[in-house]
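Enquirer:
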């Protein structure tokens, strides 16, 4: 889009690139740890652990942004996290590698969101969400490409995939679709992040996990238990409660 002038090409200083590099590092680590967890445990268990994102967001927002949530806001996070955990409890499988990978992903992703928010609102170096995320993505690619090629990139050639009995064309098509969908999701998430606080962003992301669980149930035709239904209802009720308490304005003294 920059090459064909479909979107305004950014003019970046060395100081801005240095400020964005840590975001690219934690962005890369967040995606890496998420995929490590998905490779070790069930999807539902990964999303159960990642439902703790709001707590990481609150802590990091206090540390880096100085945003101190009130007791009602903190209390509203409990049913959200608990509800999502309950919704996937019947499918959860435990593995220490998968557990700690998902926890590390929480820390990495929320660090990226909080630090990105800090950069977005910094007047002398502010940039729009599309530009910021695009630069983060390019940096993340440059960080991972050499490592990927050295460790396994040359192994997974078309001939290797065919010898393993896999449909190469199907893998390419599904990988492309997954990449487009994932990038679109991340881009929209950044567009939302510029308009809301990191805590609100993480709450919406938490509810997304309910959608993931429900979608997987429909796609894989997994039987839905009463526990799943109750957990989903509690999580959605928690989001409604959060949306109400964040609108309460403090009384003037």
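Numbering (UniProt numbering), first residue to last: 1 to 253.
Cβ coordinates follow ideal geometry from the N, Cα and C atoms, glycine included.
Could you compute how far the alpha carbon of residue 124 sits from the alpha carbon of residue 15?
Expert: Its pLDDT being 47, under 50, residue 124 is placed unreliably by the model, and the measurement read from it follows with that caveat. Going from the Cα of residue 124 to the Cα of residue 15 covers about 11 Å.
Enquirer: Buried or exposed for residue 152, going by 16 or more other Cβ atoms inside 10 Å?
Expert: So residue 152 ends up on the exposed side.
Enquirer: Determine, using beta carbons only, whether residue 42 and residue 81 come nearer to each other than 8 Å.
Expert: Contact flag unset, no.
Enquirer: Please work out which residues of its chain come closer than 8 Å, Cβ to Cβ, to residue 94, disregarding the five sequence neighbours upstream and downstream, and give them in chain order.
Expert: So the list reads 41, 45, once near-sequence residues are dropped.
Enquirer: Going by C-alpha distance, which of 184, 28, 24, 209 is nearest residue 254?
Expert: Nothing can be reported for residue 254: it is not among the residues displayed for the chain, which extend from 1 to 253.
Enquirer: Is the separation between the beta-carbon of residue 26 and that of residue 112 shorter than 8 Å?
Expert: Cβ atoms of residue 26 and residue 112: closer than 8 Å.
Enquirer: Tell me where the alpha helix (DSSP H) around residue 186 begins and ends.
Expert: Segment 168 to 193, the alpha helix (DSSP H) holding residue 186.
Enquirer: Would you say the region 139 to 158 touches the region 93 to 107, given that touching needs at least three Cβ pairs under 8 Å?
Expert: With a cut-off of 8 Å, the region 93 to 107 and the region 139 to 158 do not count as touching, because too few Cβ pairs lie within range.
Enquirer: When the Cα of residue 128 is compared with those of 110, 188, 162, which residue comes out closest?
Expert: When each option's Cα is compared against that of residue 128, the closest is 188.
Enquirer: Taking the C-alpha atoms as reference points, what is the distance between residue 237 and residue 161?
Expert: The straight-line gap from Cα to Cα measures roughly 46 Å.
Enquirer: Can you tell me whether residue 235 is buried or exposed? The criterion is at least 16 other CB atoms within 10 Å of its CB, across all chains shown.
Expert: Under this definition residue 235 is a buried residue.
Enquirer: If I follow the unbroken alpha helix (DSSP H) through residue 139, where does it start and stop?
Expert: That run of the alpha helix (DSSP H) goes 129 to 148.
Enquirer: Using the C-alpha atoms, what's the distance from residue 217 back to residue 195?
Expert: One C-alpha to the other measures close to 32 Å.
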